[in-house]
Amino acid sequence: MPPRSAFRGARPHIHGGGAVSRGPVSAAGGSIDSVLFHDVAVTSAGVAATRSRLAKRELLAAALRAAAHGGMTGGDATADGAAAGEGMAGGAATGGATTGGPGSDDGRAGEEVDVVATFLSGRVRQRRTGVGWRSLTSLPAPASAPTLTPLDVDAALQTMADAEGPGSAAVRGEAVRRLFAAATQDEQTFLRGLIVGELRQGALDSLLLDAVAAAADVPLAAVRRAAMFSAPSGPIARAALTGGAAALAAFRLEPGRPVRPMLASPAPDVAAALAGIGGPVAVEAKIDGIRVQLHKHGNDVAVYTRSLDDVTERLPELVALLRSLPVATAVLDGEAIALGADGRPLAFQDTAARTGSHDADATGRVPLTAFLFDALHLAGRDLVDAPESERFAALERVAPPSALVRRIVTADPDEATAFFAEVLASGHEGVVVKDLAAPYDAGRRGGAWVKVKPRHTLDLVVLAVERGSGRRSGWLSNIHLGARVPGAGPDSADGWVMLGKTFKGMSDEMLAWQTARFTELADGPADGWVVRVRPEQVVEIAFDGVQRSTRYPGGVALRFARVLRYRDDKPAAEADTIDAVRAIAGGNASGG
DNA sequence: TTCCGACAGTGGGGTCGCAAT
DNA sequence: ATTGCGACCCCACTATCGGAA
Numbered sequence: 001m002p003p004r005s006a007f008r009g010a011r012p013h014i015h016g017g018g019a020v021s022r023g024p025v026s027a028a029g030g031s032i033d034s035v036l037f038h039d040v041a042v043t044s045a046g047v048a049a050t051r052s053r054l055a056k057r058e059l060l061a062a063a064l065r066a067a068a069h070g071g072m073t074g075g076d077a078t079a080d081g082a083a084a085g086e087g088m089a090g091g092a093a094t095g096g097a098t099t100g101g102p103g104s105d106d107g108r109a110g111e112e113v114d115v116v117a118t119f120l121s122g123r124v125r126q127r128r129t130g131v132g133w134r135s136l137t138s139l140p141a142p143a144s145a146p147t148l149t150p151l152d153v154d155a156a157l158q159t160m161a162d163a164e165g166p167g168s169a170a171v172r173g174e175a176v177r178r179l180f181a182a183a184t185q186d187e188q189t190f191l192r193g194l195i196v197g198e199l200r201q202g203a204l205d206s207l208l209l210d211a212v213a214a215a216a217d218v219p220l221a222a223v224r225r226a227a228m229f230s231a232p233s234g235p236i237a238r239a240a241l242t243g244g245a246a247a248l249a250a251f252r253l254e255p256g257r258p259v260r261p262m263l264a265s266p267a268p269d270v271a272a273a274l275a276g277i278g279g280p281v282a283v284e285a286k287i288d289g290i291r292v293q294l295h296k297h298g299n300d301v302a303v304y305t306r307s308l309d310d311v312t313e314r315l316p317e318l319v320a321l322l323r324s325l326p327v328a329t330a331v332l333d334g335e336a337i338a339l340g341a342d343g344r345p346l347a348f349q350d351t352a353a354r355t356g357s358h359d360a361d362a363t364g365r366v367p368l369t370a371f372l373f374d375a376l377h378l379a380g381r382d383l384v385d386a387p388e389s390e391r392f393a394a395l396e397r398v399a400p401p402s403a404l405v406r407r408i409v410t411a412d413p414d415e416a417t418a419f420f421a422e423v424l425a426s427g428h429e430g431v432v433v434k435d436l437a438a439p440y441d442a443g444r445r446g447g448a449w450v451k452v453k454p455r456h457t458l459d460l461v462v463l464a465v466e467r468g469s470g471r472r473s474g475w476l477s478n479i480h481l482g483a484r485v486p487g488a489g490p491d492s493a494d495g496w497v498m499l500g501k502t503f504k505g506m507s508d509e510m511l512a513w514q515t516a517r518f519t520e521l522a523d524g525p526a527d528g529w530v531v532r533v534r535p536e537q538v539v540e541i542a543f544d545g546v547q548r549s550t551r552y553p554g555g556v557a558l559r560f561a562r563v564l565r566y567r568d569d570k571p572a573a574e575a576d577t578i579d580a581v582r583a584i585a586g587g588n589a590s591g592g
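Numbering (the UniProt record's numbering), first residue to last: 1 to 592.
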């Protein structure tokens with residue numbers, strides 16, 4: 001299926017799955033040559049059962065080959081050819097919305113490869129189904145024999161996704177019931193993982209792309225390259241397996257089609273970030289807003305989030321900025337944030353609420369500011385492979401200075417560190433250090449971009465622990481963190497106020513230790529999901545900041561808390577107080 | 001009719017272990 | 001030795017549905 005154009009005014013996308021007119025669970029109608037959904041579930045279980053990435057890749061590749069082969073010999077194109085044609089949306093406005101490869105002839109096999117690949121990457125094709133963990137708590141008895149095809153499952157999910165308005169919950173519920181009643185035990189388990197997004201097979205999108213390359217016998221680089229320009233991987237698999245390298249080459253940068261954003265790796269400090277790259281680097285302010293990708297093609301403009309959701313309607317400020325640019329075509333990368341009247345950043349919560357709201361009033365009340373930092377395409381020229389310095393220079397030529405992120409170029413760690421301090425003083429989050437020579441590595445988190453943020457620490461007390469799951473089964477994992485409230489307890493003893501939880505920063509050794517320790521400290525039954533403990537164990541916690549909270553009684557919560565170490569040298573009576581926490585909240589920009 | 005609780009799905013994320021290179 | 005990936009789950013927020021008030 002061709003990647004869709006999401007420009008406003010493009011013709012509505014016809015969902016390929018919708019063109020399969022059979023009922024959600026009418027498995028009997030499936031071509032006898034189709035793979036069964038059961039085969040996909042079995043593949044997933046096999047992938048989960050091995051730790052070898054190469055073995056996982058081979059299992060995934062075999063399933064993809066089977067999907068491509070089985071469907072093709074079936075020769076039953078149904079209505080898919082027509083659907084693919086309809087999908088070529090946009091006409092002149094986007095021109096290239098059709099470049100998803102020559103996929104119009106691959107018919108049912110192509111569709112099946114798309115769906116199977118999507119499932120094996122732990123996803124479903126529907127952006128939202130409206131069905132989550134809670135809706136799957138009571139399920140019908142499993143079927144005794146497998147009959148479902150992958151396309152049956154996709155169609156059932158589409159039914160759930162399409163339900164809206166009064167009565168939609170019942171429609172979804174019925175679709176869930178019918179689908180799960182037609183699924184075997186193995187299939188039910190797999191389906192649940194897919195729908196709630198917790199497949200836990202040790203393979204997601206990256207490994208799937210690896211398998212696509214193996215299955216189609218094309219270079220991995222070609223697959224990854226194509227994937228840069230397609231948000232979902234299903235169409236990549238489809239193109240590779242039915243059209244080979246030539247079909248993959250048709251996925252390319254196109255204004256109007258979102259690109260997977262390049263990501264940054266963390267570093268503890270600026271000096272380490274510079275050392276990791278070597279030579280002169282760009283040091284940019286890191287803006288604590290939401291990532292935005294701006295597309296312009298003549299009068300058509302679009303804005304996408306990091307997950308490539310189209311948020312054009314909600315961000316008119318960015319639309320206006322795009323329209324004002326003195327170029328006909330552009331694909332730009334940046335961050336959008338809500339600033340106060342003094343020009344300092346508001347709390348991240350304010351930016352998130354503003355960008356998440358469809359309410360026009362909110363739009364007026366909390367204006368957004370864009371800080372651009374990259375250009376992937378400008379005035380007909382693709383820049384993804386150009387060095388960072390060149391891309392930024394191109395951006396500077398077209399963007400107003402007020403819409404550019406603050407940045408310096410230096411090889412001097414002291415200068416970079418001074419800039420870091422300056423950025424923090426202006427209220428922003430930190431810096432991103434960039435390799436000037438690196439191309440835009442879409443969708444990867446490599447070493448070419450390195451982010452540095454300041455780190456707060458507090459000594460807090462563990463109030464409770466939760467049981468771990470997955471590879472942490474059998475361990476006590478997620479700890480509840482409390483700050484001291486002097487004199488608030490019975491008989492003027494210290495009291496404790498919870499600030500949040502964390503499961504991060506724990507090595508296996510630490511998990512083993514804390515499991516024993518908190519079993520010992522258990523205050524009441526130790527067999528529940530949450531084990532309350534006597535507030536005696538002090539833990540040193542690192543975190544990014546303090547945010548306002550309606551969930552916790554102190555009215556504050558820690559952002560991105562993680563464990564540094566347990567402190568046996570410090571009694572609970574000397575743990576940090578809630579006042580110390582509030583002082584941190586007052587001292588940063590998000591104190592509002 | 002309006003209100004409110006529960007659920008789903010966004011946005012922002014750090015650190016560890018392990019396989020493969 | 002280094003790198004990339006997936007797993008582990010956190011926070012706040014908005015939208016939506018459906019039942020309670």
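The C-beta atom is built at its ideal place from N, Cα and C for all residues, glycine as well.
Legend entry - Where residue 286 falls, given that 16 or more other Cβ within 10 Å makes a residue buried: Start at 1 with the first residue of the first sequence, and residue 286 comes out as number 286. The residue in question, residue 286, is buried, as its Cβ has 16 or more Cβ neighbours within 10 Å.
Legend entry - Residue environment, residue 298, which counts as buried when at least 16 other CB atoms sit within 10 Å: As a first step, residue 298 must be located in the first sequence, where it is residue number 298. With fewer than 16 Cβ atoms within 10 Å of its Cβ, residue 298 is classed as exposed.
Legend entry - Outcome for residue 296 when other beta-carbon atoms lying within 10 angstroms are tallied against a minimum of 16: In the first sequence, counting from the first residue as 1, residue 296 sits at position 296. By the neighbour-count rule (16 or more Cβ atoms within 10 Å), residue 296 is buried.
Legend entry - Stretch pair the stretch 131 to 138 + the stretch 44 to 59: three plus CB contacts closer than 8 angstroms: no
Legend entry - Three-state secondary structure assigned by DSSP to residue 164: Taking the first sequence and counting its residues from 1, one reaches residue 164 at position 164. Three-state result, residue 164: coil.
Legend entry - Between the CA atoms of residue 108 and residue 29 - distance to the nearest angstrom: Start at 1 with the first residue of the first sequence, and residue 29 comes out as number 29. Start at 1 with the first residue of the first sequence, and residue 108 comes out as number 108. Here residue 29 scores only 41 on pLDDT, less than 50, and its place in the model should not be relied on; the value that follows carries that caveat. Between the C-alpha atoms of residue 29 and residue 108 there is a straight-line separation of about 13 angstroms.
Legend entry - Host beta strand (DSSP E) of residue 69 (start-end): Along the first sequence, one-based indexing puts residue 69 at 69. No beta strand (DSSP E) holds residue 69; the alpha helix (DSSP H) holding it covers 53 to 74.
Legend entry - Buried or exposed by the 16-neighbour rule on C-beta atoms within 10 Å, applied to residue 358: Here residue 358 is taken as the residue at index 358 of the first sequence, counted from 1. Flag for residue 358 reads exposed.
Inset, instruction - Quick one: give me the first and last residue of the alpha helix (DSSP H) that residue 361 is part of. - result: Counted from its first residue, the first sequence places residue 361 at position 361. Element bounds for residue 361: 360 to 365.
Inset, instruction - Measure how close the beta-carbons of residue 327 and residue 442 come, nearest whole angstrom, since I'm counting them as under 8 angstroms. - result: One-based indexing of the first sequence puts residue 327 at position 327. One-based indexing of the first sequence puts residue 442 at position 442. That pair is no contact at about 21 angstroms.
Legend entry - Rounded Cβ spacing between residue 545 and residue 456 (contact assumed at less than 8 angstroms): The residue you call residue 545 lines up with position 545 of the first sequence. The residue you call residue 456 lines up with position 456 of the first sequence. Right, the Cβ-Cβ distance comes to about 7 angstroms (below 8 angstroms), so this counts as a contact.
Inset, instruction - Taking residue 397 as part of the beta strand (DSSP E), name the residues at either end of that continuous run. - result: Here residue 397 refers to the residue found at position 397 of the first sequence. Careful: residue 397 lies outside any beta strand (DSSP E), inside the alpha helix (DSSP H) at 388 to 398.
Inset, instruction - Please work out which residues of its chain come closer than 6 angstroms, Cβ to Cβ, to residue 101, disregarding the five sequence neighbours upstream and downstream, and give them in chain order. - result: Position 101 of the first sequence, counted from the first residue, corresponds to residue 101. Because the pLDDT at residue 101 is just 40, under 50, the model does not fix this residue reliably, and the point stays unresolved.
Legend entry - Start-to-end residues for the beta strand (DSSP E) that takes in residue 500: Position 500 of the first sequence, counted from the first residue, corresponds to residue 500. 495 to 502 is the span of the beta strand (DSSP E), which, as asked, contains residue 500.
Inset, instruction - Go ahead and label residue 530 buried or exposed: buried means 16 or more other beta carbons lie within 10 angstroms of its beta carbon, across all protein chains shown. - result: Translated into positions along the first sequence, residue 530 becomes position 530. With fewer than 16 Cβ atoms within 10 Å of its Cβ, residue 530 is classed as exposed.
Legend entry - Beta-carbon proximity of residue 460 to residue 483, cut-off 9 angstroms: Start at 1 with the first residue of the first sequence, and residue 460 comes out as number 460. Start at 1 with the first residue of the first sequence, and residue 483 comes out as number 483. In contact: residue 460 and residue 483 (Cβ atoms closer than 9 angstroms).
Inset, instruction - Just the C-alpha distance for residue 149 and residue 263, rounded to the nearest angstrom, thanks. - result: Walking along the first sequence from the start, residue 149 turns up at place 149. Walking along the first sequence from the start, residue 263 turns up at place 263. Approximately 36 angstroms between the Cα atoms of the pair.
Inset, instruction - Spell out the partners DSSP gives residue 409 in its beta bridges. - result: Start at 1 with the first residue of the first sequence, and residue 409 comes out as number 409. According to DSSP, residue 409 bridges with 282.
Legend entry - Minimum length 4: unbroken alpha helix (DSSP H) runs contained in the stretch 478 to 558: 508 to 521
Legend entry - Outcome for residue 344 when other beta-carbon atoms lying within 10 angstroms are tallied against a minimum of 16: The count along the first sequence starts at 1 and reaches residue 344 at position 344. A residue is called buried when at least 16 other Cβ atoms come within 10 angstroms of its Cβ; residue 344 does not meet this threshold and is exposed.
Legend entry - Expected contact under 8 angstroms - CB spacing of residue 292 and residue 370 to nearest Å: Sequence index remark: in the first sequence, residue 292 carries index 292 (1-based). Sequence index remark: in the first sequence, residue 370 carries index 370 (1-based). So it is a contact: roughly 7 angstroms between Cβ atoms.
Legend entry - Length of the line joining the Cα atoms of residue 581 and residue 437: If you number the first sequence from 1, residue 581 lands on position 581. If you number the first sequence from 1, residue 437 lands on position 437. Each residue's alpha carbon lies about 42 angstroms from the other.
Inset, instruction - Within its chain, find whatever has a CB closer than 8 angstroms to the CB of residue 51; leave out the 5 residues flanking it on each side and keep chain order. - result: For the purposes of this step, residue 51 is identified with residue 51 of the first sequence, where counting begins at 1. Result list for residue 51: 202, in chain order.
Legend entry - heavy atom of the ligand MN below 8 angstroms from residue 515 C-beta: The ligand MN is absent from the structure shown, which contains no ligand whatsoever.
Inset, instruction - State yes or no: is the C-beta of residue 184 within less than 9 angstroms of the C-beta of residue 41? - result: Counting from one through the first sequence, the residue named residue 184 turns up at place 184. Counting from one through the first sequence, the residue named residue 41 turns up at place 41. It is a contact, given that the beta carbons lie within the stated cut-off.
Legend entry - Selection from 229, 478, 348, 467 that minimises the alpha carbon distance to residue 547: Walking along the first sequence from the start, residue 547 turns up at place 547. Measuring from the Cα of residue 547, the nearest candidate turns out to be 348.
Legend entry - Status (buried if at least 16 other CB within 10 Å, exposed otherwise) for residue 492: Counting from 1 along the first sequence, the entry for residue 492 is found at position 492. Result: exposed.
Inset, instruction - Would you tell me roughly how many angstroms separate the C-alpha atoms of residue 25 and residue 144, rounded to the nearest one? - result: Looking up residue 25 in the first sequence gives position 25. Looking up residue 144 in the first sequence gives position 144. Low confidence applies to residue 25: its pLDDT is 35, below 50, so where it sits in the model is not reliable enough to give any reading.
Legend entry - Sequence-distant residues of the same chain with beta carbon closer than 6 angstroms to residue 331, five excluded per side: The count along the first sequence starts at 1 and reaches residue 331 at position 331. So the qualifying residues of the chain are 255, 295, 376, 377.
Legend entry - DSSP state of residue 171 mapped onto helix, strand, coil: One-based indexing of the first sequence puts residue 171 at position 171. Note: residue 171 maps to helix in three-state DSSP.
Inset, instruction - Give the range of the alpha helix (DSSP H) segment to which residue 38 is assigned. - result: What you label residue 38 is simply residue 38 of the first sequence in a count that begins at 1. Looking at the DSSP string, the run of the alpha helix (DSSP H) that includes residue 38 is 37 to 49.
Legend entry - Backbone secondary structure at residue 316 - three-state DSSP: Translated into the one-based positions of the first sequence, residue 316 becomes position 316. In the three-state scheme derived from DSSP, where H, G and I count as helix and E and B as strand, residue 316 is classed as helix.
Inset, instruction - Going by DSSP, name the residue or residues bridged to residue 433. - result: Mapped onto the first sequence, residue 433 falls at position 433. Answer is 283, 450, bridged to residue 433.
Inset, instruction - May I ask which residues mark the beginning and end of the alpha helix (DSSP H) holding residue 244? - result: Position 244 of the first sequence holds residue 244. Segment 234 to 249, the alpha helix (DSSP H) holding residue 244.
Inset, instruction - Mark residue 504 as exposed unless 16 or more other C-beta atoms lie within 10 angstroms of its C-beta, in which case mark it buried. - result: Mapped onto the first sequence, residue 504 falls at position 504. Result: exposed.
Inset, instruction - Could you check which residue in 69, 235, 131, 555 has the C-alpha nearest to that of residue 192? - result: One-based indexing of the first sequence puts residue 192 at position 192. Cα-wise, what sits closest to residue 192 is 131.
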